[in-house]
Amino acid sequence: MKEIEELFLPDDVHYAESHEWARDEEETVVVGVNDYAQDQLGDIVFVELPEIGDTFEKGEEFGTLESVKAVSEIYMPVAGKIVATNEALSEEPELVNQEPYNSGWMIEIEPDDPDEINTLMTSSEYMEMLKGAE
Amino acid sequence: MRYLPHTEEEIASMLRVVGTEDLDGLFSPVPPDCKMGTALDLPDALTEWELGAFMNGLAATMATSPAYKIFMGGGSYEHYIPESVSYLLGRSEFSTAYTPYQPEISQGTLQAIYEYQTLTARLLGMEVANASMYDGASALAEALLMAIRITKRKRVALSPLIHPHYRAVVRTYLGPGGHELVELPSLENGRTDISGLAGMDDLAAVAIQSPNFFGCIENLKAAGEAIHEAGALFIASFTEPLAYGLFKNPGCQGADIVCGEGQSLGIPRSFGGPGLGMFTCRMKHVRNMPGRLVGKTADRDGRAGFVLTLATREQHIRREKANSNICTNNSLCALASAMYLASVGGTGIRDLASLNYDKTEYLKRGLRGVGCTVPFDSSTFNEFVVEFPKGFKDTYSRLLEKRIVAGIILGNWYPELPNHSLLCVTETTTKEDMDELIREVGS
Numbered sequence: 084m085k086e087i088e089e090l091f092l093p094d095d096v097h098y099a100e101s102h103e104w105a106r107d108e109e110e111t112v113v114v115g116v117n118d119y120a121q122d123q124l125g126d127i128v129f130v131e132l133p134e135i136g137d138t139f140e141k142g143e144e145f146g147t148l149e150s151v152k153a154v155s156e157i158y159m160p161v162a163g164k165i166v167a168t169n170e171a172l173s174e175e176p177e178l179v180n181q182e183p184y185n186s187g188w189m190i191e192i193e194p195d196d197p198d199e200i201n202t203l204m205t206s207s208e209y210m211e212m213l214k215g216a217e
Numbered sequence: 021m022r023y024l025p026h027t028e029e030e031i032a033s034m035l036r037v038v039g040t041e042d043l044d045g046l047f048s049p050v051p052p053d054c055k056m057g058t059a060l061d062l063p064d065a066l067t068e069w070e071l072g073a074f075m076n077g078l079a080a081t082m083a084t085s086p087a088y089k090i091f092m093g094g095g096s097y098e099h100y101i102p103e104s105v106s107y108l109l110g111r112s113e114f115s116t117a118y119t120p121y122q123p124e125i126s127q128g129t130l131q132a133i134y135e136y137q138t139l140t141a142r143l144l145g146m147e148v149a150n151a152s153m154y155d156g157a158s159a160l161a162e163a164l165l166m167a168i169r170i171t172k173r174k175r176v177a178l179s180p181l182i183h184p185h186y187r188a189v190v191r192t193y194l195g196p197g198g199h200e201l202v203e204l205p206s207l208e209n210g211r212t213d214i215s216g217l218a219g220m221d222d223l224a225a226v227a228i229q230s231p232n233f234f235g236c237i238e239n240l241k242a243a244g245e246a247i248h249e250a251g252a253l254f255i256a257s258f259t260e261p262l263a264y265g266l267f268k269n270p271g272c273q274g275a276d277i278v279c280g281e282g283q284s285l286g287i288p289r290s291f292g293g294p295g296l297g298m299f300t301c302r303m304k305h306v307r308n309m310p311g312r313l314v315g316k317t318a319d320r321d322g323r324a325g326f327v328l329t330l331a332t333r334e335q336h337i338r339r340e341k342a343n344s345n346i347c348t349n350n351s352l353c354a355l356a357s358a359m360y361l362a363s364v365g366g367t368g369i370r371d372l373a374s375l376n377y378d379k380t381e382y383l384k385r386g387l388r389g390v391g392c393t394v395p396f397d398s399s400t401f402n403e404f405v406v407e408f409p410k411g412f413k414d415t416y417s418r419l420l421e422k423r424i425v426a427g428i429i430l431g432n433w434y435p436e437l438p439n440h441s442l443l444c445v446t447e448t449t450t451k452e453d454m455d456e457l458i459r460e461v462g463s
């Protein structure tokens, strides 16, 4: 597994404590899991995503990630309605490992509150949190 | 596992460690009124010969076949078990049939389970079968929980013609979890009334048994359509899988989960257990399926091999979020049924099911001829309900004195059927036995 310094934590996304990232796309928010989460889980073999139209509160479970060694729940970084899911992951779940911030995205949310995304951590704040947890 | 009792020396050394002199000291925290002051009042031990004689005497007091002609089914069926099943099952390779903790080292065991899964899926017309569960009742309860997981809804509906014991197990399983159980009404023809489904919302699943407890074949296709219309999953339950040798299996009639009891397939009745929980579903739901699952794969040299697969659903990995707390299977019974199905074969199952059906119809016709009423006009398999012409209890007792057990008394479970009995006929029932029953009922 990677050292914390080796992690790729881009500045253009926001970070949740439960290791999801959220990218502000004006009207919507796109969500995936970050480099730390995919690295900890190992080879991902299955991604279970919600139905389009489902609504969730912030922190609520919206799906599961299954790797060869564990299963983890994935949680909403902001409250809102699911407007799209990444269908490519049903055939190629390994995209989450390969490109966690791009082709490995999971859901697109129409947020209840467009400002809620700003309550999440920045890249450097998230890095500090990880260091504190080590 | 060997049982080796502790020696006096070992007991003394353990007592020294805990700091007491004798066993009474060890048990001193137990309040005196919770202890029995005297020795157990047991008879002297018997010798092996005496015990054999005692047990034989006890057995002679019971109504057992073939001394009695027994027309009882109700979820446990008398079928002939081919000698090949008994022989293969007795082989030492299978004497520890339990799915092993280092499973892949036991390729033979895994292959046998894989064959069982394949035969089960084919018999029930489904895409994937697990390695088996405890029995038909717990399999049904697990199926309902599975549907609740998939649909994220809390309410389930059951046919009243599912075996009453199964419904009791379902209540035990689901009651404390805050799930709502609805019991559907039944129709005059002995089938489940599904007309009310359209008005029910938030339904996770509807479970229907076919052949149902009255032996009647349900219209699964129509039921499935109505159930899917309500947005629920369709669970088909069964107690007699042999029926699918003759009638359409639930898989080809739209069922999402098919589960039930496999005792009919090569497993003795043994006073009601152990049984075999057969459990199958559509492939798209496999990750929500409970239980163990054996898959076929290839090793790095391309050779075929068997593995336990999709184990991330299970308790040892998923902990409190596991699909089920059943992390085992009824392997020996599952192997028996696989051996049975392989011994009987595809055409054999069809012939056997036809024989069962024809014999049942013979008895049905004969009883009608001596004044009995058969209240439900649906097709039946193996079992049917009959109303005796006069003084039900007297007739039943009189037959019992003549060493005929005239089925299961239905009034205990269905008060609206006070003079009714559930009769069962299989290939083991002879024409002479049926003729005798018809003659006695008519006399």
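Protein chains in written order, with our numbering: chain H, 84 to 217; chain X, 21 to 463.
Cβ atoms here follow ideal geometry from the backbone N, Cα and C, with glycine treated the same way.
How many angstroms separate the CA atom of Lys379 (chain X) from the CA atom of Leu352 (chain X)?
To locate residue 379 (chain X), count along the second sequence from 1; it is residue 359. To locate residue 352 (chain X), count along the second sequence from 1; it is residue 332. Using only the alpha carbons, I get a separation of about 31 Å.
With the cut-off set at 8 Å, would you say Gly297 (chain X) and Gln283 (chain X) are in Cβ contact?
Your numbering for residue 297 (chain X) matches position 277 in the second sequence. Your numbering for residue 283 (chain X) matches position 263 in the second sequence. Cβ distance not < 8 Å, so Gly297 (chain X) and Gln283 (chain X) don't count as in contact.
Buried or exposed, going by whether 16 or more other CB atoms sit within 10 Å of the CB of Lys384 (chain X)?
Mapped onto the second sequence, residue 384 (chain X) falls at position 364. So Lys384 (chain X) ends up on the buried side.
Grab me the residues of Ile127 (chain H)'s own chain with a C-beta within less than 8 Å of its C-beta, minus the 5 sequence neighbours each way, in chain order.
Mapped onto the first sequence, residue 127 (chain H) falls at position 44. Answer for Ile127 (chain H): Gln121, Leu148, Glu149, Ser150, Pro176, Glu177, Val179, Asn180, listed in chain order.
Ile165 (chain H): which of H:Glu156, H:Glu140, H:Leu90, H:Ala171 sits nearest, CA to CA?
Here the question's residue 165 (chain H) lines up with position 82 in the first sequence. Ranking H:Glu156, H:Glu140, H:Leu90, H:Ala171 by Cα distance to Ile165 (chain H) puts H:Glu140 first.
Can you give me, in chain order, the residues of the segment 124-156 of chain H that have a beta carbon less than 9 Å from any beta carbon in chain X?
Residues Val128, Phe129, Glu131, Thr147, Glu149, Ser150, Val151, Lys152, Ala153, Val154, Glu156.
Whose CA, out of X:Glu260, X:Asp453, X:Arg187, lies closest to the CA of Phe401 (chain X)?
For the purposes of this step, residue 401 (chain X) is taken as the residue at position 381 of the second sequence. Of the candidates X:Glu260, X:Asp453, X:Arg187, the one whose C-alpha sits nearest the C-alpha of Phe401 (chain X) is X:Glu260.
The beta strand (DSSP E) with Phe91 (chain H) in it runs from where to where?
Walking along the first sequence from the start, residue 91 (chain H) turns up at place 8. No beta strand (DSSP E) contains Phe91 (chain H), which DSSP labels as neither H nor E.
List in chain order: all unbroken alpha helix (DSSP H) runs of 4+ residues lying wholly within the segment 307-392 of chain X.
As far as the segment 307-392 of chain X is concerned, its whole alpha helix (DSSP H) runs of at least 4 residues are 335-338, 351-389.
For Met159 (chain H), which option in H:Lys85, H:Glu110, H:Glu103 has the closest C-alpha, if you only look at C-alpha atoms?
As a first step, residue 159 (chain H) is located in the first sequence; it is residue number 76 there, counting from the start. Per the Cα distances, H:Glu103.
Using the Cα positions of Leu71 (chain X) and Ala65 (chain X), report the straight-line distance between them to the nearest angstrom.
Residue numbering aside, residue 71 (chain X) sits at position 51 when the second sequence is read from its first letter. Residue numbering aside, residue 65 (chain X) sits at position 45 when the second sequence is read from its first letter. Rounded to whole angstroms, Leu71 (chain X) to Ala65 (chain X) spans 9 Å at the Cα level.
Could you pull the start and end residues of the beta strand (DSSP E) that Ser155 (chain H) belongs to?
For this step, residue 155 (chain H) is matched to residue 72 along the first sequence. 154-158 is the extent of the beta strand (DSSP E) around Ser155 (chain H).
Look up Thr62 (chain H) in the DSSP assignment and give the residues it is bridged to.
Nothing can be reported for residue 62 (chain H), as the shown portion of chain H is limited to 84 through 217.
With a threshold of 6 Å on Cβ separation, who are the neighbours of Gly315 (chain X) within its own chain once the five nearest residues in sequence on each side are excluded?
Along the second sequence, one-based indexing puts residue 315 (chain X) at 295. So the list reads Val327, Thr329, once near-sequence residues are dropped.
Starting from the C-beta of Arg36 (chain X), find all residues in its chain whose C-beta is less than 8 Å away, skip the five residues before and the five after it, and write them out in chain order.
Numbered from its first residue, the second sequence carries residue 36 (chain X) at position 16. Cβ neighbours of Arg36 (chain X) beyond the five flanking positions: none.
Do you know how far the Cα of Tyr360 (chain X) is from the Cα of Tyr100 (chain X)?
Taking the second sequence and counting its residues from 1, one reaches residue 100 (chain X) at position 80. Taking the second sequence and counting its residues from 1, one reaches residue 360 (chain X) at position 340. Roughly 10 Å between the two C-alpha positions.
Our contact map puts Ile190 (chain H) next to Phe129 (chain H) with C-beta atoms below 8 Å; I'd like the distance itself, whole angstroms only.
In the first sequence, the residue the question calls residue 190 (chain H) occupies position 107. In the first sequence, the residue the question calls residue 129 (chain H) occupies position 46. In fact, because the Cβ distance is near 16 Å, the residues do not count as touching under 8 Å.
Cβ of Arg302 (chain X) less than 8 Å from any chain H Cβ?
Working through the second sequence from its first residue, we reach residue 302 (chain X) at position 282. So no, Arg302 (chain X) is outside the interface.
Taking its Cβ as the centre, do 16 or more other Cβ atoms sit within 10 Å of Leu92 (chain H), making it buried, or is it exposed?
Residue mapping note: residue 92 (chain H) aligns to position 9 of the first sequence, counting from 1. So Leu92 (chain H) counts as buried.
Start and end of the alpha helix (DSSP H) containing Gln131 (chain X)?
Along the second sequence, one-based indexing puts residue 131 (chain X) at 111. From DSSP, the alpha helix (DSSP H) with Gln131 (chain X) extends over 127-144.
For Asp222 (chain X), which residues in the same chain have their Cβ closer than 7 Å to its Cβ, ignoring the five residues on either side in sequence?
Residue numbering aside, residue 222 (chain X) sits at position 202 when the second sequence is read from its first letter. So the list reads Arg173, Lys174, Arg175, once near-sequence residues are dropped.
Between the C-alpha atoms of Met21 (chain X) and Asn349 (chain X), what's the straight-line distance to the nearest angstrom?
Numbered from its first residue, the second sequence carries residue 21 (chain X) at position 1. Numbered from its first residue, the second sequence carries residue 349 (chain X) at position 329. Bear in mind that the predicted position of Met21 (chain X) carries a pLDDT of just 43, short of 50, making it too unreliable to give a figure here.
Let me check understanding here. Comparing Cα to Cα, which of X:Phe408, X:Glu447, X:Ala362, X:Ser230 lies closest to Ser463 (chain X)?
By 1-based counting over the second sequence, the position of residue 463 (chain X) is 443. It is X:Phe408 whose Cα lies nearest to the Cα of Ser463 (chain X).
How far does the alpha helix (DSSP H) with Pro184 (chain X) in it reach, from first residue to last?
If you number the second sequence from 1, residue 184 (chain X) lands on position 164. Counting along the chain, the alpha helix (DSSP H) containing Pro184 (chain X) begins and ends at 184-194.
Tell me, to the nearest whole angstrom, how far the beta carbon of Ala167 (chain X) is from that of Ala224 (chain X); I am working on the premise that it is less than 8 Å.
As a working mapping, residue 167 (chain X) is identified with position 147 in the second sequence. As a working mapping, residue 224 (chain X) is identified with position 204 in the second sequence. Rounded, the Cβ-Cβ distance is 5 Å, consistent with contact.
Quick one: is Arg338 (chain X) near chain H, going by C-beta distance under 8 Å?
Here residue 338 (chain X) is taken as the residue at index 318 of the second sequence, counted from 1. By this cut-off, Arg338 (chain X) is an interface position.
Please state if the CB of Ser417 (chain X) and the CB of Ile429 (chain X) are separated by a distance shorter than 8 Å.
To locate residue 429 (chain X), count along the second sequence from 1; it is residue 409. To locate residue 417 (chain X), count along the second sequence from 1; it is residue 397. Taking 8 Å as the Cβ cut-off, Ile429 (chain X) and Ser417 (chain X) do not qualify as a contacting pair.
Quick one: which chain H residues come within Cβ less than 7 Å of Thr332 (chain X)?
Counting from 1 along the second sequence, the entry for residue 332 (chain X) is found at position 312. In chain order: Glu149, Val154.
My output table needs one value for Val148 (chain X): the three-state DSSP class, helix, strand or coil.
As a first step, residue 148 (chain X) is located in the second sequence; it is residue number 128 there, counting from the start. Three-state DSSP puts Val148 (chain X) in a strand.
Spell out whether any CB of chain H is found under 8 Å from the CB atom of Arg312 (chain X).
On the second sequence, residue 312 (chain X) is found 292 positions in, with the first residue counted as 1. Chain H contact via Cβ: absent.
Of all the options H:Leu124, H:Asp107, H:Leu213, which has the alpha carbon lying nearest to the alpha carbon of Ile157 (chain H)?
Taking the first sequence and counting its residues from 1, one reaches residue 157 (chain H) at position 74. It is H:Leu124 whose Cα lies nearest to the Cα of Ile157 (chain H).
Out of X:Ile237, X:Thr192, X:Pro184, point me to the one whose CA is closest to Asn209 (chain X)'s CA.
What you label residue 209 (chain X) is simply residue 189 of the second sequence in a count that begins at 1. Checked all of X:Ile237, X:Thr192, X:Pro184; the closest Cα to Asn209 (chain X) is X:Ile237.
Below 8 Å, how does it come out for the segment 274-292 of chain X and the segment 92-99 of chain X: are there three or more Cβ pairs, yes or no?
They touch, by the three-pair rule.
List the residues of chain H whose Cβ lies closer than 8 Å to the Cβ of Arg169 (chain X), in chain order.
As a position in the second sequence, residue 169 (chain X) is number 149, starting the count at 1. Near Arg169 (chain X) there are no residues of chain H at all, since even the closest Cβ is about 11 Å away, more than 8 Å.
Thinking C-beta only, is Cys272 (chain X) closer than 8 Å to Thr300 (chain X)?
Here residue 300 (chain X) is taken as the residue at index 280 of the second sequence, counted from 1. Here residue 272 (chain X) is taken as the residue at index 252 of the second sequence, counted from 1. For Thr300 (chain X) and Cys272 (chain X), no; Cβs fall outside 8 Å.
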